[in-house]
Amino acid sequence: MNLPENRYRPDWKNRYSRQIGVPGVGEIGQGRLAGASVLVIGAGGLGIPIVQYLASAGVGRLGIADNDVVSLSNLQRQPAYRESDVGQKKTEGIARMVRALNSSMVLDVHDMRVSESNIRSLVRDYDIVADATDNFAARYGINDACVLENKPMVYGSVFRYEGQVAVFNVQNGKGEFGPNFRDLFPKPPPPELAPNCAEAGVFGALPGIIGSIQAMEIIKWIIGTGDLLDGRMLLFDGARMSSDSITIPDTGARHEIHSVQFTDAACASDDVALISPEILYKWKKDGKEFVLIDVREDHEREAVHIGGHHIPQTTHSENSEHPDELTRVVRPDIPVVFYCRSGARSRQTVLQLQSSGDYPHLYNLEGGILAWIDRIDPNLPSC
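According to the UniProt record's numbering, the sequence shown is numbered sequentially starting from 1.
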């Protein structure tokens, strides 16, 4: 079998012999891997094992999209990076790893944040897409782009000890497409039910497990072997070391997708007033009187902050021994702005205050400190 010279070196049969010997793979399957292209969006806990196993398996072309930098807290679950990489771009670190692992493959590095304006053109250039992000807004946007461009999307997510994997928008031999992400989640869950790793925590080895399963589904799809997680979702529980699966209904959501929408959980409800980073910046610049409160934990505050009082959410929860700490700072006569990493925890704090007293001027910073860094001060450390 003759494979493209720009994909494999002459010793490819020896290199991939253990994989070629697997029933359902063979030289034909290895050739399909050599001719395939995969886009991995996210170079974090999920993206690293996906990229590692796709490169090891001999995928011919691999694209990696991310604009984040390595932080110290990443190292617990992102073993491709080292202490010396802290502060450096993730795409640079993961690209070094891939090139050292498999110099025969074509590597596309997209140092960018995916958005409504660029996601379709990015997705269009690849055969299959891996969603290795950590927020609902990106997942919806990636899903919409994959539906509009007729590309399958391999989804993975992690939460504490639990993980999920599914393959969306798979086209069968009749040209029909399976369920997509919006069939399973028509609308984002409330922010308090959709925390990310920084807010809820994650067991370090879990992304390695889930990302590896995502890589396996991608390889199976390319080769055309095995039963895909098409129309069903794998549920993995690392604490109990058990797994289950659920059926994903086809609700016809595909026919309602006409454009890409990055639908964020923090924007799913209008019961909390939002203030944009731009308006908050203007308030600061103009010297407007307001109270700013950071509800993140101590280690997050130490890494980066934008000023204001520091009152962690855990100190004013219903079970806290100090429930009145907030009320000593919050004033009913002037605006009070709360912020956290992405806007979820601060929204909960606003809701708590709204239900407990008369505070007419409460605001939640839209997108949290992540949005502030992205839109106002990109020189701040990543969080």
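Glycine included, each C-beta is placed from N, C-alpha and C at the ideal position.
For arginine 124, the closest alpha carbon among the candidates Phe136, Gly63, Gly367, Ala138 is that of Gly63. Here alanine 65 carries a strand assignment [DSSP, helix/strand/coil]. When the five nearest sequence neighbours on each side are left out, the beta carbons in the same chain lying within less than 8 Å of the beta carbon of glutamate 217 are those of Val154, Val165, Val167, Leu228, Leu229, in order along the chain. Distance from the Cα of arginine 77 is smallest, within the candidate group Ala36, Leu46, Val59, Leu107, for Leu46.
In the three-state DSSP reduction, threonine 314 falls in the helix class (H, G or I).
Three or more beta-carbon pairs separated by less than 8 Å link the stretch 325 to 342 to the stretch 282 to 301, which places the two stretches in contact. Taking isoleucine 222 as the centre and dropping the five residues before and after it, the same chain places the C-beta of Arg32, Leu33, Ala36 closer than 6 Å to its C-beta, in chain order.
Per DSSP, reduced to three states, the secondary structure at threonine 91 is helical. Here the stretch 142 to 156 makes contact with the stretch 125 to 133; the two share three or more CB pairs at distances below 8 Å. Rounded to whole angstroms, the Cβ separation of phenylalanine 159 and valine 202 is 7 Å, and the two are in contact under 8 Å.
In this structure, the straight-line span from the alpha carbon of histidine 299 to that of leucine 380 is close to 16 Å. Using a C-beta cut-off of 8 Å, the stretch 324 to 332 makes contact with the stretch 346 to 359, since at least three inter-stretch Cβ pairs fall below that distance. If you draw a straight line from the Cα of glycine 231 to the Cα of proline 179, it comes to about 6 Å. The three-state secondary structure of glutamate 325, taken from DSSP, is coil. Ranked by Cα distance from glycine 26, the first of Lys220, Met233, Val170, Leu54 is Lys220.
Checking the DSSP bridge columns, you'll see leucine 292 partnered with Val337.
Per DSSP, asparagine 172 lies in no beta strand (DSSP E) segment and is marked neither H nor E.
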